[in-house]
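Written out below as structure tokens is the structure these notes cover.
Number of protein chains: 2
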Amino acid sequence: MNIVIDAMGGDFAPELIVQGALEAAPLVPGTLILVGDTKRIEPYLGGSVPPNVHLHHASETIGMDEKPLEAIRKKKDASLVVGANLVKAGQGDALVSAGNTGAATACCVLTWRQAPGIHRPAIASVLPNKHGDFLLLDAGASPDVDPEHLVEFAQMGRSYAKTVMGRSQPKVSLLNIGEEEGKGNAFAKQAYKLLTKYEWFAGNIEGKEMYARPTDVVVCDAFVGNIVLKTSEGIAELIVDMIRSEVPTNALAKLAFLPLKKVMGPLRKKMDYAEIGGSPLLGLNGVCIICHGRSNAKAIRNAILQATKAVDNRLIETIREDVCGEAGRT
Amino acid sequence: MNIVIDAMGGDFAPELIVQGALEAAPLVPGTLILVGDTKRIEPYLGGSVPPNVHLHHASETIGMDEKPLEAIRKKKDASLVVGANLVKAGQGDALVSAGNTGAATACCVLTWRQAPGIHRPAIASVLPNKHGDFLLLDAGASPDVDPEHLVEFAQMGRSYAKTVMGRSQPKVSLLNIGEEEGKGNAFAKQAYKLLTKYEWFAGNIEGKEMYARPTDVVVCDAFVGNIVLKTSEGIAELIVDMIRSEVPTNALAKLAFLPLKKVMGPLRKKMDYAEIGGSPLLGLNGVCIICHGRSNAKAIRNAILQATKAVDNRLIETIREDVCGEAGRT
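Top to bottom, those sequences are chains X and B.
Here the first sequence stands for residues 31 to 360, where the numbers follow my numbering.
Here the second sequence stands for residues 31 to 360, where the numbers follow my numbering.
In structure tokens form, the structure reads like this:
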């Protein structure tokens, strides 16, 4: 198995991307291919490079603020573009990138194309809740969709929950502004009607409940999904900030607050996206894990493990079976 | 000034509603009219009723789970319906209700009608951020709107920020999934285009930034707004829950965690919607403050003070001037 890593994507690339790959190398059975400017990557490789870490040169880099389509078209030798092409050519089984999310999405769509039966790709995010975690999608790939596309998101989300998150009979809920049937805007009402044909559909779920109830998969359009993600991040940071502001700066007075560290440690761990790795881009003929732009080495290491698991457990094939099998049923 | 209070609406009605009114009575210049089943209200009034607290009998109550339109049509003598009619008849200047939000919205729309120039009402929520607070609307009144309606929300939000929140030149941001122009779904792009004509428009804001940056007013449709509200509540509860679960239950071991209380106190206060009161329903020919169903006495007291401020500072007239003045300009 070969995992292709966009070594130049992300706020701390290539340093922390390379570091994450080096940390993952002893943990994976296959090869890691770092794609990027070899001159800029090499200084971070250290003395003894693990035998399963390879370099693949690419002369260009797509910046975090570049316009996705324009950048992909112009920079044919960008690390991201070269990486996606390696997967397309069969030289890689999955791509990991912490670069420009829009560019990564567009590049994989254009290079790999949608899987059979899928009309819109979706980015799925693993979020924490009281009972462990759940998958929210679409978190940002397809902002303008029809209610029909939410059925595809549900099917792909189930495939991911089964193959990578270890859920055996994942249930899917529709993110809505009320629990009962008939709630929501016209879009949500129509999506409900379409989803209700499936036995795995668990009905509507509210933004508050998804953090409190056991849930496997929650579907929504990318606009709502991205707002949920950013809002959650914002509130969590606000709270941590407020807690911190109450702790005295005086060293002696601070002592009394030491037990707070015990409390904040596990909290931070649960809230830390680096623990999970990245967000899978689902619905294409290839596995792509998109990482946060601010990813550290741990996030990259975990994203590589996530990609390995997705390939190992046949994520792409499972999506194909789940979507086509069910499409055939109706 | 007469503030009308739906004494039967809310999970803890009439007890905590009456208690909240009694707490507010000495603080307001006008009269408080408690509308509801007098037999059920009287036991909570205690020995000496303040002279400015009056009772107005209404024999019926709309339940929290009843279908709004159906309930309003059938229960002509419901506390909510009677209260809205008192305001319409000029016997009251504002209505406060912690009952069924959908019913309160529908009842006020049908009884008072939209203000001139306003096509959709909006519920505005005051949310905390690092710099104090900001107003988010629509938080739940009108789930299906056109981008044009967001301009009305922006104008009404400014009027509320000026009259009740004390902001002199409030800026309005559009909730979106990216900062730059051209980001978002088709709806957001069109709303941006319409808002950009106004000097008070501050551009797009992301879900994370609105909790971090100084902001006055943030507009979005009710579906997104309600999801933001519930998501924020959910994450905040998850975090508080996780912190609590780390504190030992053993009394002696607990001692070391006492300073945590010092930290959690101000945090809880900032996150507590009862501190603010309720959410104004904007865009109608009347002032309505909608409270959380689980409102306690403090929330009701603060909602009454909020309503008093809105009447005192001419919220309705300001909305009329702001909307018509600006409509005349284009």
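No residue lacks a Cβ here, since even glycine has one placed at the ideal position from N, Cα and C.
Taking the beta strand (DSSP E) that residue 254 of chain X belongs to, which residues open and close that run? Element bounds for residue 254 of chain X: not the beta strand (DSSP E) but the alpha helix (DSSP H), 252 to 276.
Residues that DSSP places opposite residue 84 of chain B in a beta bridge: B:63
If you run the structure through DSSP and keep just helix, strand and coil, what is residue 121 of chain B? coil
Would a check of beta-carbon distances place residue 254 of chain B closer than 8 Å to chain X? yes
With burial defined as no fewer than 16 other Cβ atoms inside 10 Å of the residue's Cβ, what is the status of residue 357 of chain X: buried or exposed? Caution is warranted here: a pLDDT of 47 is assigned to residue 357 of chain X, below 50, making its placement in the model unreliable, and no coordinate value can be reported.
Can you confirm whether residue 173 of chain X, when its beta carbon is compared against all beta carbons of chain B, has any partner nearer than 8 Å? So yes, residue 173 of chain X belongs to the interface.
Between the segment 222 to 247 of chain B and chain X, which residues of the former have a C-beta closer than 9 Å to a C-beta of the latter? 236, 237, 238, 239, 240, 241 and 242
So, does the CB of residue 78 of chain B fall closer than 8 Å to a CB anywhere in chain X? no
In this structure, does DSSP put residue 90 of chain B in helix, strand or coil? strand
So what's residue 360 of chain X in DSSP terms, helix, strand or just coil? Residue placement at residue 360 of chain X is poorly supported in this model, since its pLDDT is 39, which falls under 50; the coordinates are not used for a value here.
With 8 Å as the threshold, decide whether the Cβ of residue 268 of chain B is near any Cβ in chain X. yes
For residue 318 of chain X, report the span of its alpha helix (DSSP H) as first-last. Here residue 318 of chain X belongs to no alpha helix (DSSP H); instead the beta strand (DSSP E) covers 317 to 320.
Using alpha carbons as the reference points, say which of B:317, B:215, B:57 and B:213 lies closest to residue 346 of chain B. B:317
Buried or exposed: where does residue 359 of chain B fall if 16 or more other Cβ atoms within 10 Å of its Cβ makes it buried? Only weak support exists for where residue 359 of chain B lies, its pLDDT of 46 falling under 50; the coordinates are left without a value.
Would you mind working out which of B:238, B:270 and B:271 sits nearest residue 259 of chain X, comparing C-alpha positions? B:238
Which residues in chain X sit within 7 Å of residue 262 of chain B, going by Cβ to Cβ distance? Ordered by position in chain X, the residues that pass the 7 Å Cβ test against residue 262 of chain B are 261 and 265.
If we cut at 8 Å on Cβ distances, does residue 178 of chain X have a partner in chain B? With respect to chain B, the C-beta atom of residue 178 of chain X has no partner C-beta closer than 8 Å.
Does chain X have any CB closer than 8 Å to the CB of residue 296 of chain B? yes
Any beta carbon of chain X sitting closer than 8 Å to that of residue 216 of chain B? yes
What are the boundary residues of the alpha helix (DSSP H) that residue 183 of chain X is part of? 177 to 193
Where does the unbroken alpha helix (DSSP H) through residue 217 of chain X begin, and where does it stop? 216 to 225
Rounded to whole angstroms, what's the CA-CA distance from residue 156 of chain B to residue 163 of chain B? Just pull it up for me. The straight-line gap from Cα to Cα measures roughly 7 Å.
If contact means a Cβ-Cβ distance below 7 Å, which residues of the segment 181 to 193 of chain B contact chain X? none
In the DSSP assignment, find the unbroken alpha helix (DSSP H) run with residue 235 of chain X in it and report its ends. Residue 235 of chain X -> not in any alpha helix (DSSP H); beta strand (DSSP E) instead, spanning 231 to 235.
Minimum Cβ-Cβ distance from residue 271 of chain X to chain C less than 8 Å: Considering every chain present, this structure includes no chain C. Its protein chains are X and B.
For the candidate residues B:309, B:330, B:204 and B:47, whose alpha-carbon lies nearest to that of residue 222 of chain B? B:204
So, helix, strand or coil for residue 342 of chain X, using DSSP? helix
Euclidean distance between Cα positions of residue 196 of chain B and residue 331 of chain B: 20 Å
Between the Cα of residue 320 of chain B and the Cα atoms of B:328, B:326 and B:310, which residue gives the shortest distance? B:310
Using DSSP with H/G/I as helix, E/B as strand and the rest coil, what is residue 136 of chain B? helix
What residue range is occupied by the uninterrupted beta strand (DSSP E) comprising residue 35 of chain B? 32 to 36
Name the DSSP beta bridge partners of residue 159 of chain X, please? X:162
Relative to the C-alpha of residue 236 of chain X, which residue among X:245, X:228 and X:229 is closest? X:245
Best match in X:170, X:93 and X:297 for proximity to residue 153 of chain X [C-alpha to C-alpha]: Answer by Cα proximity: X:170.
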